[in-house]
Every structure is written in C-alpha cells, then in structure tokens.
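> One structure follows; several queries about it will come next.
2 protein chains.
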Amino acid sequence: MASIVDITMAKKFVQLLVFNLTLTEIVLSGNVLIWPTDGSHWLNIKVILEELTQRNHSVTVLTSSTTLFISSSPDLLVDFEEIPVSVNKSYLESLIEHMIIMWMDHKPTPLTLWAFYKELGKLLEAFFLINVQLCDRVINNLTLMARLQRGGFDVLVADPVTLCSELLALKLGIPFVYTLRFSPASTVERHCGKIPAPVSYVPAALSELTDRMTFGERVKNIFSYFLQDYIFHSHWREWDSYYSKTLGRPTTLCETMSKAEIWLIRTYWDFEFPRPYLPNFEFVGGLHCKPAKPLPPEMEEFVQSSGEDGVVVFSLGSMVKNLTEEKANLIASAFAQIPQKVLWRYKGKEPATIGPNTRLFDWIPQNDLLGHPKTKAFITHGGTNGIYEAIYHGVPMVGVPLFGDQYDNVAHMKAKGAAVEVNMYTMTSADLLGALRAVINDPSYKENAMRLSRIHRDQPMKPLDRAVFWVEFVMRHKGANHLRVAAHDLSWFQYHSLDVIGFLLACVITAMLLVTKCCLFSYHKFIKTGKSIKRD
Amino acid sequence: MASIVDITMAKKFVQLLVFNLTLTEIVLSGNVLIWPTDGSHWLNIKVILEELTQRNHSVTVLTSSTTLFISSSPDLLVDFEEIPVSVNKSYLESLIEHMIIMWMDHKPTPLTLWAFYKELGKLLEAFFLINVQLCDRVINNLTLMARLQRGGFDVLVADPVTLCSELLALKLGIPFVYTLRFSPASTVERHCGKIPAPVSYVPAALSELTDRMTFGERVKNIFSYFLQDYIFHSHWREWDSYYSKTLGRPTTLCETMSKAEIWLIRTYWDFEFPRPYLPNFEFVGGLHCKPAKPLPPEMEEFVQSSGEDGVVVFSLGSMVKNLTEEKANLIASAFAQIPQKVLWRYKGKEPATIGPNTRLFDWIPQNDLLGHPKTKAFITHGGTNGIYEAIYHGVPMVGVPLFGDQYDNVAHMKAKGAAVEVNMYTMTSADLLGALRAVINDPSYKENAMRLSRIHRDQPMKPLDRAVFWVEFVMRHKGANHLRVAAHDLSWFQYHSLDVIGFLLACVITAMLLVTKCCLFSYHKFIKTGKSIKRD
Numbered sequence: 326m327a328s329i330v331d332i333t334m335a336k337k338f339v340q341l342l343v344f345n346l347t348l349t350e351i352v353l354s355g356n357v358l359i360w361p362t363d364g365s366h367w368l369n370i371k372v373i374l375e376e377l378t379q380r381n382h383s384v385t386v387l388t389s390s391t392t393l394f395i396s397s398s399p400d401l402l403v404d405f406e407e408i409p410v411s412v413n414k415s416y417l418e419s420l421i422e423h424m425i426i427m428w429m430d431h432k433p434t435p436l437t438l439w440a441f442y443k444e445l446g447k448l449l450e451a452f453f454l455i456n457v458q459l460c461d462r463v464i465n466n467l468t469l470m471a472r473l474q475r476g477g478f479d480v481l482v483a484d485p486v487t488l489c490s491e492l493l494a495l496k497l498g499i500p501f502v503y504t505l506r507f508s509p510a511s512t513v514e515r516h517c518g519k520i521p522a523p524v525s526y527v528p529a530a531l532s533e534l535t536d537r538m539t540f541g542e543r544v545k546n547i548f549s550y551f552l553q554d555y556i557f558h559s560h561w562r563e564w565d566s567y568y569s570k571t572l573g574r575p576t577t578l579c580e581t582m583s584k585a586e587i588w589l590i591r592t593y594w595d596f597e598f599p600r601p602y603l604p605n606f607e608f609v610g611g612l613h614c615k616p617a618k619p620l621p622p623e624m625e626e627f628v629q630s631s632g633e634d635g636v637v638v639f640s641l642g643s644m645v646k647n648l649t650e651e652k653a654n655l656i657a658s659a660f661a662q663i664p665q666k667v668l669w670r671y672k673g674k675e676p677a678t679i680g681p682n683t684r685l686f687d688w689i690p691q692n693d694l695l696g697h698p699k700t701k702a703f704i705t706h707g708g709t710n711g712i713y714e715a716i717y718h719g720v721p722m723v724g725v726p727l728f729g730d731q732y733d734n735v736a737h738m739k740a741k742g743a744a745v746e747v748n749m750y751t752m753t754s755a756d757l758l759g760a761l762r763a764v765i766n767d768p769s770y771k772e773n774a775m776r777l778s779r780i781h782r783d784q785p786m787k788p789l790d791r792a793v794f795w796v797e798f799v800m801r802h803k804g805a806n807h808l809r810v811a812a813h814d815l816s817w818f819q820y821h822s823l824d825v826i827g828f829l830l831a832c833v834i835t836a837m838l839l840v841t842k843c844c845l846f847s848y849h850k851f852i853k854t855g856k857s858i859k860r861d
Numbered sequence: 326m327a328s329i330v331d332i333t334m335a336k337k338f339v340q341l342l343v344f345n346l347t348l349t350e351i352v353l354s355g356n357v358l359i360w361p362t363d364g365s366h367w368l369n370i371k372v373i374l375e376e377l378t379q380r381n382h383s384v385t386v387l388t389s390s391t392t393l394f395i396s397s398s399p400d401l402l403v404d405f406e407e408i409p410v411s412v413n414k415s416y417l418e419s420l421i422e423h424m425i426i427m428w429m430d431h432k433p434t435p436l437t438l439w440a441f442y443k444e445l446g447k448l449l450e451a452f453f454l455i456n457v458q459l460c461d462r463v464i465n466n467l468t469l470m471a472r473l474q475r476g477g478f479d480v481l482v483a484d485p486v487t488l489c490s491e492l493l494a495l496k497l498g499i500p501f502v503y504t505l506r507f508s509p510a511s512t513v514e515r516h517c518g519k520i521p522a523p524v525s526y527v528p529a530a531l532s533e534l535t536d537r538m539t540f541g542e543r544v545k546n547i548f549s550y551f552l553q554d555y556i557f558h559s560h561w562r563e564w565d566s567y568y569s570k571t572l573g574r575p576t577t578l579c580e581t582m583s584k585a586e587i588w589l590i591r592t593y594w595d596f597e598f599p600r601p602y603l604p605n606f607e608f609v610g611g612l613h614c615k616p617a618k619p620l621p622p623e624m625e626e627f628v629q630s631s632g633e634d635g636v637v638v639f640s641l642g643s644m645v646k647n648l649t650e651e652k653a654n655l656i657a658s659a660f661a662q663i664p665q666k667v668l669w670r671y672k673g674k675e676p677a678t679i680g681p682n683t684r685l686f687d688w689i690p691q692n693d694l695l696g697h698p699k700t701k702a703f704i705t706h707g708g709t710n711g712i713y714e715a716i717y718h719g720v721p722m723v724g725v726p727l728f729g730d731q732y733d734n735v736a737h738m739k740a741k742g743a744a745v746e747v748n749m750y751t752m753t754s755a756d757l758l759g760a761l762r763a764v765i766n767d768p769s770y771k772e773n774a775m776r777l778s779r780i781h782r783d784q785p786m787k788p789l790d791r792a793v794f795w796v797e798f799v800m801r802h803k804g805a806n807h808l809r810v811a812a813h814d815l816s817w818f819q820y821h822s823l824d825v826i827g828f829l830l831a832c833v834i835t836a837m838l839l840v841t842k843c844c845l846f847s848y849h850k851f852i853k854t855g856k857s858i859k860r861d
C-alpha cells in the first residue's frame, strides 16, 4: 500500500499538470479525510468530495474492505485507504436483506418500536461488531495511524451513522465535520449537538407526524421521543466504555460526538418542517441535485411517444430488486390503465399483466428522467435522494415506502401536498391507479411540487456550495468554535435550569414558612395575650 | 404632494435613462415601502434601501415630518412620504436628551429596572403618543391609504421599534420584513417571533451577562427575563386594543407582529453568543461595514506623524455632544500620557489638560480611521454600528458605555476578549490610561479583535447580500411561509406541552389509584377472607 503522504504529494503534481493550476492554488489547497457510510449515504458524501477535489483539495477516503457502494472510479481523483475486515460482502448483503425483509414484515410504529428493536437486536449487534472491528483496525494500527498523522489532514468529514470518526479525529488532533440525514428522534442531534426540539411542534424523526399535530398526535410524539431516546441510550452504553478505553479517560460517545464543528444536515425547508436550530447546523438537503442531461436516444424516443399525456417514472431504489409475481402483476395492471407511458426500473420477471404503455429497465437515469418536461409523476419508495430529485424538478409523487425513513419521508411530502401515499403491502390495483390519477390530474399536487422546487432553487447560496464552504471554513480556521453553543458545558439539570428553579422554589417556600411563622407568632402574642388581658 | 404612483412611474423612466437599464430589468424590479426608526437605526436601514435602489427597486420611505436623522439626500434615489405630526423637532430632541440624562444618572440593572421603568413612564407615554399619532395619520388617512394601495408595493420593510408597520402591511395586503437589533430580553423575538431562548445559556439582552454564567448569574438572568417580559406585556396592553380596533377584530400587538415573514437581526456570531434560532431569522450584523477610504490629507498627515506608535480614535457617537469640564480634563490628561496620537471627536470646549498628541475634531470619518493601518485602539461608547466597524477592521476597544444597549454591547466585546470596559461616571485618569495601555500593549486584545474580524469577513455570503436576498425573496414569493414555525398556531400551554404532560400525569395517577384500589380489594378479599376462614 502506497504511503498517504506520497500519494498526496504525487496527486498535487498530477493536479498541477492536469488542471494547469498555479502554484498558489496548490499551496492554498488542503487535505481532507473522509469517513463515509455505505449505501445511499455514500452517494451524497461523494458529491461533496467531488466538489472538494474540484476545488483542489486532496481527499482520502477511509473505508472497510467490504463495501456495497463505496468504490474508487477513474473519474474520482480520490485516494482510498481500505481497512481489511473479516466480514465478506455476501454476508453483509444477507444482513441488509434480512433487515429489509424484517422491516417490510414488521413496520415499526412508535408503539411497536420496542418489540422491533428487540427483534433487530442480533442484527444491530452484528453491525456494532463490524463497526468496532473497523474502528479497532484503524485506531490500534500504529503504522496506519502514523501514516495518517504524516498525511497532514486539515479536517475529517464523517457520516456519523458509522461511528469512530470522532475518535480518529481526536487521535489525529484535527477538527471534524458531520454530514448526516438524521438520527431516530434526532437523539444524536439533540443530546450531542444540543439542537433544541420543542416536542409540541417538532415531530420525532420516523414518527410520520407533521409539525401540526392534534392532542393525540402530540402524546404519540412525546412517546416517540422517549422511546427512541431510551433505545439510543441503551445502545450508547457499549460505545461509552469503548470510547473511554480508547481515549484513556472517562468519557461518553455523546460527549465525543458533541465536538463536531459543523453538522451538515441533508434536508432543507422544502422537505423539513421549520424548526429551531443552531448556528453550527447547516441544512444542505438536495446538494446532489442538478439539471437533467439528455436521455439515451431510445429512451427519449419512448418518452416522446407519450405525446400530451407524458410519462410516469417508477423506481423502488437500489436496495429492492424483485417483487412477488402477484405484486408485480397488480402494479403492471394498474399502469396498463393510464394513458401515460411508464418507465419502470425492474430487474424481475416481466409481469403477465404488463400493458403496451409500460417498459421495464434494469437501470434508469433517474435525475434526467425526472427533469424531462414530459414527466408527470414519480412513483418512489421514498428515499431522500430520490425525493430531492423530484423536489428539484417539481415532479409530484406517489410514495410506496418500504422500510427505514421512507415512511417518514413520504409523510413529509404528503404534508406538503406534493405526494399521495400507497401502502405497498395492502394496496390493490385500484389503490395505485387512484393515487396515480390523483397526482397527475389534480393540479394541486403539481403546484405544490413546483412550489417546493422554487423554494429549493431560490436559496441565498446553493446547498453544495454551503456544505463545502463550511468544510473549508473549518480547514481555514482549524474549527468553528464561535458557532458552538455554551449548552455543551452545562449538565442536564443546569441546561433545563432545574437548579435555579429549585433554588427559587426553596426561597418561596422559606418565605412562606417565615410569614406563616410570623403570623402564628403574632396570633399567639397578640390575640391570645389580648384574650388573657380581657379575661383578667 | 405628488402621487406615489406618479413618482414610481417617473422614477422608473429616470432609472431607465440614468442607468441605461433594459426594459426587462425594469419590469423585474419591485416596489418597496420602508417604515424606519430614527437615530442610529436609520443609518442601518439606509444601507439596505440604498442596495435595493442599486438593484433597481423603487423605494418609498414613510416617516413622520419630525425626524432627527431620517432625511432625503440627492444621492438617495428614494421617495419620502412625510406624515405631519404635531411634535416639533426641538421637543423631540429635549425628550431624547432627558432620556439620555436619566439613563446616565440611573443606569438600570435587572434589579433597578422596575424603578427605572416607572421613572421613564412619562417619557415612554410621550413616545407612545407620537407613535400613535403617526399611526393614526397613516391608517386613518383614506387618501394616503388609497395612494399607497395604488403604489403596488411588494413588501414593507420595517424597524419594529416604531410600531404600526404591521397594521399598514395588513391593510395594504402585503408581506412585511423586520430589521431589528433586539428588543429588551428578546421579548418580541421570543413571544412574537417564537425564537427559543434557553435561560441557562442565552443571556437576556441588556443583562450584561454572557453565555457562560455562574449559578448566581443564571438566577439574575431568569429575573431579567421575567421583569422585562412583565414590562413589555404591560406596555403592550395599550397597543392590543389599538390594533384590535384598527383591524376590527380581537387581536394583539404580538399576534400581528408574529406575521413578519423574515426577521433581519443586526448582529452575527462575531458579536452575538451562539444561540438557537429559527429559519426565518437572519443574522446580518455589520451589513454597513465596508473597506476604509483614504483620509482627508490633513488628517492623514496627523495620523502618519504618529510613527510606529500609531493612533487612538475616540468618539462617543452622535447623541452625546459635550462632557463636563472636569470629565473632559480627566480624559485629556490620560491621553497626554500615551505615546500614540489621539483623534477625538468632540464639539465641547478644548480641555485645559490636552496634550500635544491629541487633536479634537467636530466630525471624523470613523470607518476610514478604524480601517487605517496605524489605528491601535478605539475608545467607544459602545453603539452597535461603531462596534461593528471596529470588528470589521479588527481594532481592539476601550468601552465607555453611557446608556441603552451600550453596556450590553461592551459586555459582549469584553467576553470575546476584544475590549476593556471603563466606567464613564466613576473613572479616574489612571483607569482610562490603564485600559488604553492594556488594549494597545497586551497582544491578546488585538488577536481577539482580528479573530472577530476574520469571523465577520469569512461568511458564506455578505450580510447585506443576505438581507437584500430575503427582502427580494419575500417580493418574489409574496412571503416566506415555508420558514414559519407551527409554534405560531399553538397556545402557550400547548407550546410547552403542558396539556400533554397534564394528561400523562393524570394517566399515571389514575393507574396508581387503580393499582392501590386493586391491592386493597385483594387484601380485603383474600387476606381478610383467609383470616375469617382460619377463624372458622
């Protein structure tokens, strides 16, 4: 394995040659270490690191040898440092498939979350072990650590869904920046980032609630926060001891996470309900969005053949490959009844009921299709990346959420009037047809999707530029301490002013006791004395 | 008085001729109505409206006929609509002078604020009457209102220290944007804008506390919030009935203020302690800051004559013109003992103790002096505008606060390590000399001032551009509803989840009662029955 320092130096000269950059620009560039999370998370962080390389920074990605999406490619001017782990790819895939199936069978609600959590226990334990192994093999590998030290990194950019980046940054003595979609019930953001979340109008992530809740929903919301906080805290316990051991002093995972300089949250007010936040939180949702490119000729021809009716795009994302035959037929027969042409990303067997207006594709250029003027609707599983592409292009949605945060994502789009939800497991052909006809024919869905698109596009600065600005800010200033709230230095009872309230209550009670005592004394002194005088 | 519509149309054509703009640009421009507040507030809003005219918008300023600072000028391409009020300028000046003298004699602390407020009662009443008169003569002047309606305004930009802009915007059916430095204890921002302010680390405005408080200071902070909230609420009562009467339905001042689309706060994290805020709050402090221009030749010569020692700039702002002879002598004798040259903005009699290194000026180009490389320190009364110029240019300060928010402003700069405070009323020559020597000779003050300067200058977007962006956003989209938190639609007990907490407590108590009852029942049923069986 080549030394990171060598690679970094070599890269700088390659950049000098390839981009014809001046020496000043080279000198001004920095070194960025990336600690990514696999899956769709990688797609998002990849956009940031591509922009960082465009801006002449040297980027090194630290990742396990077993990944699903994270990989080098010739167009990516990035160094990969692979950490060998004893888990093979097929085992990882089976674990994830297991998780998806479990989720699809037992969709967790705030009330069933506990049972769901227990059932997922083994799986979470496996993930924990993989993460610990990765962490061990970085932190305890003295040769690697020495090489990273020599790499002269200015900042570590991490997706905190994979833990340990904080330890690495502290060990290397460099600041770190988080890029994060959410943690369940915002537990990490609230407890470690100190972002306030009034339970009366900030719905817990995954709760599928909106910012306008009935009394019953607000009760549900409080339970949702309680339960998810409890789960997190019990999960954290294992990491607390690991972090304390590694740092050689008593600490907690949360305390270490709280040292993040900037939190780049992958949503914005087009998707998110407006809520309080802090100066070191930046909402950069949809930073991967970009204008559509022309479609492949054959696909363009198919799309154009739809005439005035336009097309519908259907994708369940990269995780779900096949459906049962029954489900596929049900969907295909609904599609056969609409005048639009349908582009369906599907790797399974062609359904028997497929209409002449529907075409199956192994892969679709989703962003280019959503940006096509003929596209009337997007049927989506509700992943954040896909939803953001639909928002960017102003396309109304039919949400068929399957697992994870997809239910919550679709709930957001429903609340904003840009989507209709269909239950994938109970739906009939008529349900899907009804939903599709609604979003295509009722102009309010298109109007709302276009409103979200305008909100997304009309920002003071593009989300990607803001994200990269703050990464570079941390590099330039070795942190962003001026944005860090003093709440981090308060205990929980100080934060909630319980000591002050207790003191004031004690004062009031003491005052009341004194007054009562004085009254009683006066009563005894004067009334009783008066009586005895009278009696005399 | 020429019709606003006529003026607007005429101005567009003048702009077309003067700036050689294309018709498309003219069509894209909008009409902005400004409701300013006098004094230093005007200097700030003026920068925004100058930028708006630069961007081709037609700007109309609505103001009373009696103003101190607000005035038209040939370089200001703005229409002024003057509302005649029955208060003359000299009376207004005497009121303000009275207020300054009162403040200087009885500097209010959280504990003396109540007495101060009572003493200020008459003055506040006078201000209230002036504001009501201005409001009456706008809202009830049907001719003026009809003209304003015809003016086709897209947005109203208001400084809410002068009330009534909200009523005008509602009557005209246009959105409004606030530009505001602060309200005491952030009462308006908290109650009407719904910005959260955890009392444990967000110091009440005017409290002179920082974000890092001892237990005693946190007690003081809570009192500060309570007291200032109470004062505001008692002050609001009069306006509540006025607003209800004008709008013809029961409402409150606060409810009407809560409809502001955007709150442009005139501070940033260089000055402010980091705190939670909301998506429709933008911190645009120092939007008036700009690079220094060359000094007048004579002044430049004096500055250059200071050699390596450099110069000190001293100004007490535009409100305080003279000092007592004793105070002026005390200050001058301190200046005479430093090696720096001193530029003192002072209109009073030349002090007898003045040294050869000190020169008095009726007026100084403050920003250009602060931006001069020879400037070593700035002695300031602590107005926000001056402090921001010092931050921008990285000049350490000696704060001699006099009244209003100046004590609090200087407390911020002290906490950030960029200033030393001297008490104007009790100081000796040695105190001032010591403070001056500290900020000039102890490098930490210069370093901290430079750190604040870097924070101020290294933002994703300049404060003025952000302020104008959001004004234009509101014009383009007829509001910014997507940034408005749902908290506005909750009652205070719903907001604090008191109904949910009450319900959960009731559930717990009911459950406990039921369990106790069951236990008692079981006890009676089984134990007593058992005993009676035994007895049998």
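Line by line, the protein sequences are chains A and B.
Everything in the first sequence is counted per the numbering used here, starting at 326 for the first residue and increasing by one.
Everything in the second sequence is counted per the numbering used here, starting at 326 for the first residue and increasing by one.
Yeah, the Cβ is synthetic: ideal placement off N, Cα and C, and Gly gets one too.
Given the structure is predicted, the values throughout are model-derived calculations rather than measurements.
Applying a beta-carbon distance threshold of less than 7 Å, which residues of chain B neighbour W594 of chain A?
P604, H807 and L808
> Assuming K739 of chain A is part of the alpha helix (DSSP H), what are its boundary residues?
Its alpha helix (DSSP H) spans residues Q731 to A740.
> Of all the CB atoms in chain B, is at least one closer than 8 Å to the CB of H802 of chain A?
yes
> If contact means a Cβ-Cβ distance below 7 Å, which residues of the stretch 534 to 548 of chain A contact chain B?
D536, R537, F540, R543, V544 and I547
> I780 of chain B versus chain A: which residues are under 7 Å apart at the beta carbon?
H807
> Which runs of the beta strand (DSSP E) spanning at least 3 residues fall entirely within the stretch 518 to 599 of chain A, listed in chain order?
Counting only runs of 3 or more, we get 587 to 590.
> Could you tell me the alpha carbon to alpha carbon distance between T751 of chain A and E376 of chain B, rounded to whole angstroms?
The straight-line gap from Cα to Cα measures roughly 57 Å.
> Of the residues B:V486, B:K850, B:K496 and B:I520, which one's Cα is nearest the Cα of T504 of chain B?
B:V486
> Show which residues of chain B have a CB atom less than 7 Å away from the CB atom of M291 of chain A.
Since the first and last residues shown for chain A are 326 and 861, residue 291 of chain A lies out of range.
> How about A774 of chain A and A740 of chain A: do their beta carbons lie closer than 8 Å?
no
> Give me the DSSP bridge partner(s) of N356 of chain B.
B:S383
> Is there a C-beta anywhere in chain A that falls below 8 Å from the one on Y555 of chain B?
no
> Looking at the structure shown, is I704 of chain A part of a helix, part of a strand, or coil, going by DSSP?
strand
> Assign I679 of chain B to one of three DSSP states: helix, strand, or coil.
coil
> In this structure, what does DSSP give as the bridge partners for T298 of chain B?
The requested residue 298 of chain B does not occur in the structure, where chain B is confined to residues 326 to 861.
> What first and last residue would you give for the beta strand (DSSP E) that runs through G640 of chain A?
According to the sequence as given, residue 640 of chain A is Ser; it is not Gly. Its beta strand (DSSP E) spans residues V636 to S640.
> Mind pulling the chain B residues with CB within less than 8 Å of P599 of chain A?
L603, P604, N605, H807, L808, R809, V810 and A811
> Look up K699 of chain A in the DSSP assignment and say whether it is helix, strand or coil.
K699 of chain A falls in the coil class under three-state DSSP.
> Quick one: does V480 of chain B have its CB under 8 Å from some CB of chain A?
no
> How would you label F851 of chain B, buried or exposed, when you count the other beta carbons within 10 angstroms and need 16 or more for buried?
So F851 of chain B counts as exposed.
> Among the candidates B:I704, B:E407, B:N456 and B:S549, whose CA atom is the shortest distance from the CA of V747 of chain B?
B:I704
> Label H558 of chain B either buried or exposed according to how many other C-beta atoms from any shown protein chain fall within 10 Å of its C-beta, with 16 as the threshold for buried.
exposed
> Hey, does L815 of chain B have any beta-carbon neighbour from chain A nearer than 8 Å?
yes
> Excluding five sequence neighbours on each side, which residues of the same chain lie with their C-beta closer than 6 Å to the C-beta of K666 of chain A?
S631, V636 and N682
> Which bits of chain A does V825 of chain B rub up against, with CB to CB less than 9 Å?
V524, S525, F540, R543, V544, N546 and I547
> Beta-carbon of Y820 of chain A versus every beta-carbon of chain B: anything under 8 Å?
Yes, Y820 of chain A lies at the interface with chain B (some Cβ there is under 8 Å from its Cβ).
> For D783 of chain B, which residues of its own chain have a beta-carbon under 7 Å away from its beta-carbon, when the five flanking residues on both sides are left out?
none
> Is it a yes or a no for the stretch 492 to 506 of chain B touching the stretch 468 to 480 of chain B, going by three-plus beta-carbon pairs under 8 Å?
yes
> What does DSSP give as the partner residues of A744 of chain B in its beta bridges?
The partner list for A744 of chain B (beta bridge, DSSP) reads B:M722.
> So if DSSP puts W669 of chain B in a beta bridge, which residue, or which two residues, is it bridged to?
B:F639 and B:L685
> Does the beta carbon of P721 of chain B sit closer than 8 Å to a beta carbon anywhere in chain A?
By the rule that beta-carbons nearer than 8 Å mark a contact, P721 of chain B does not touch chain A.
> For the stretch 405 to 415 of chain A against the stretch 379 to 397 of chain A, are there 3 or more C-beta pairs whose distance is under 8 Å?
Verdict: yes, contact present.
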